[in-house]
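Participant:
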């Protein structure tokens, strides 16, 4: 439904929900395995969705990892890697550890 100012609430909600789903590495893995990333029109859609990174839209994002993954999905190499279950697992584990221990920094000097 478009209001008198041209705002399409339904489109806004659908795109917001989709962008937030991108915070889930398993969701990305599923759509990668289904071949969506091989379709130029879908890749163009991902480019279009970058407007969600602008502050006036980003304020509605609950899961900030969604915006990070949206950035990564602009790279063909990341889209290809996300077809692999082991890569989705690795990213999921990194994401989990980031949420679990947000201030933890691995000591690169440790032996």
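In my numbering, the protein residues as written are 11 to 121.
We put the beta carbon where it would ideally sit given N, CA and C, even for glycine.
Predicted model, so just to flag it, every value in this text is computed and none were measured.
#1: Roughly how many whole angstroms lie between the Cα atoms of residue 33 and residue 98?
#2: Can you tell me where the alpha helix (DSSP H) holding residue 57 begins and where it ends?
#3: So, at 7 Å on beta carbons, what are the nonlocal neighbours of residue 70 in its own chain, with the 5 sequence-adjacent residues on each side left out?
#4: Can you give me the start and stop residues for the alpha helix (DSSP H) that residue 67 sits inside?
#5: For the segment 33-42 against the segment 71-89, are there 3 or more C-beta pairs whose distance is under 8 Å?
#6: Hey, could you find the ends of the alpha helix (DSSP H) residue 39 is sitting in?
#7: Leaving aside the five residues before and after residue 39 along the sequence, list all residues of the same chain whose C-beta is less than 6 Å from its C-beta, in chain order.
#8: Going by C-alpha distance, which of 104, 61, 86, 90 is nearest residue 22?
#9: Please identify the residue among 18, 24, 50 whose C-alpha is closest to the C-alpha of residue 86.
Facilitator: Taking the structure as given:
#1: To locate residue 33, count along the chain shown from 1; it is residue 23. To locate residue 98, count along the chain shown from 1; it is residue 88. When rounded, the distance between both Cα atoms is 12 Å.
#2: As a working note, residue 57 is residue 47 in the chain shown. Taken as a continuous stretch (DSSP letters only), the alpha helix (DSSP H) holding residue 57 covers 50-58.
#3: For the purposes of this step, residue 70 is taken as the residue at position 60 of the chain shown. Leaving aside the five residues that flank residue 70 on each side, the residues in its chain whose CB is nearer than 7 Å to its CB run, in chain order, 26.
#4: Here residue 67 corresponds to residue number 57 of the chain shown, with the count starting at 1. First-last of the alpha helix (DSSP H) with residue 67: 65-68.
#5: yes
#6: Looking up residue 39 in the chain shown gives position 29. 35-43 is the span of the alpha helix (DSSP H), which, as asked, contains residue 39.
#7: If you number the chain shown from 1, residue 39 lands on position 29. For residue 39, where only same-chain residues beyond five positions count, the Cβ hits under 6 Å are 92, 98.
#8: The sequence position of residue 22 within the chain shown is 12, counting from 1. When only C-alpha atoms are compared, the closest one is 61.
#9: The count along the chain shown starts at 1 and reaches residue 86 at position 76. When only C-alpha atoms are compared, the closest one is 50.
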